[in-house]
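Report on the structure given below.
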Ligand code: GRF
């Protein structure tokens, strides 16, 4: 069975959606480790309640690449097939990118390449777009720039706040992330330029 590591920093609803998909037989995989860079991440409690291995590697005051080296040391013996960033609020660092080249996914709450970075629901509102959504993409050295595996769109309503828009997008995040993970784990895709296509 394919092995996942989930990297989290906070609430962990995307992690929980993945864990539920596995538990309910919608995703054939095992979560070998939930790794947080923050001790106060709610995702760690959720991992415990699911009986999943979890660990905190604090990142405060630790350089990005040093944290990444520590993470590689933890993950390498676990024989991880795919790393899934799920609300991981840090750059992953070159040592992780090197050790898991082409095997790191992220979910981002906008239709990339629109609105990379932080506070993206507010950015979408401020820009005045009529649709936003979410994107699952491979992680490369850029900020939210890797090849796109899956996207889903939602309407932006006149009455939206950043919170209501985020909630509408989150429903779609939970729906598409585990499906994108299943595709990548199946290996039935190829990357041509930036395009991820069925193989
Ligand atoms: C999600 O909106 C995700 O797209 C973004 O950070 C948020 C994390 O939420 N990267 P959660 O921790 O998965 O609930």
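Numbering (my numbering), first residue to last: 2 to 200.
Cβ atoms here follow ideal geometry from the backbone N, Cα and C, with glycine treated the same way.
Here the structure is a predicted model, which means the values were calculated and not measured.
Residue i classed as buried or exposed, judged by whether at least 16 other C-beta atoms fall within 10 angstroms
i, result
"residue 55", "buried"
"residue 33", "buried"
"residue 178", "buried"
"residue 137", "buried"
"residue 67", "exposed"
"residue 172", "exposed"
"residue 72", "buried"
"residue 111", "buried"
Same chain, Cβ closer than 8 Å to residue i, neighbours up to 5 away in sequence not counted
i, result
"residue 126", "157, 161, 162, 163 and 166"
Nearest to residue i (by Cα), restricted to the options the options
i, options, result
"residue 133", "170, 24, 183 and 150", "170"
"residue 201", "121, 17, 113 and 24", "Not covered by the structure: residue 201. The range shown for the chain is 2 to 200."
"residue 96", "77, 197 and 26", "77"
"residue 47", "180, 2 and 14", "14"
"residue 38", "83, 79, 109 and 64", "64"
"residue 6", "69, 172, 82 and 185", "82"
"residue 140", "120, 103, 59 and 50", "103"
"residue 52", "118, 41 and 31", "31"
"residue 22", "188, 192 and 174", "174"
Between the CA atoms of residue j and residue i - distance to the nearest angstrom
i, j, result
"residue 151", "residue 101", "20 Å"
"residue 86", "residue 8", "5 Å"
"residue 183", "residue 28", "6 Å"
"residue 105", "residue 168", "25 Å"
"residue 94", "residue 74", "13 Å"
"residue 199", "residue 180", "13 Å"
"residue 119", "residue 92", "12 Å"
"residue 195", "residue 61", "33 Å"
"residue 26", "residue 176", "14 Å"
Sequence-distant residues of the same chain with beta carbon closer than 7 Å to residue i, five excluded per side
i, result
"residue 197", "148, 149, 150 and 190"
Alpha helix (DSSP H) runs contained entirely in the stretch 100–176, provided each spans 4 or more residues:
Within the stretch 100–176, complete alpha helix (DSSP H) segments of at least 4 residues are found at 121–128, given in chain order.
Where are the beta strand (DSSP E) runs, 3 residues long or more, that stay fully inside the stretch 42–104, in chain order?
Here the runs fully enclosed are 55–57 and 83–86.
Mind pulling the beta strand (DSSP E) runs of 3 or more residues that sit fully within the stretch 11–35?
Within the stretch 11–35, no complete beta strand (DSSP E) run reaches 3 residues.
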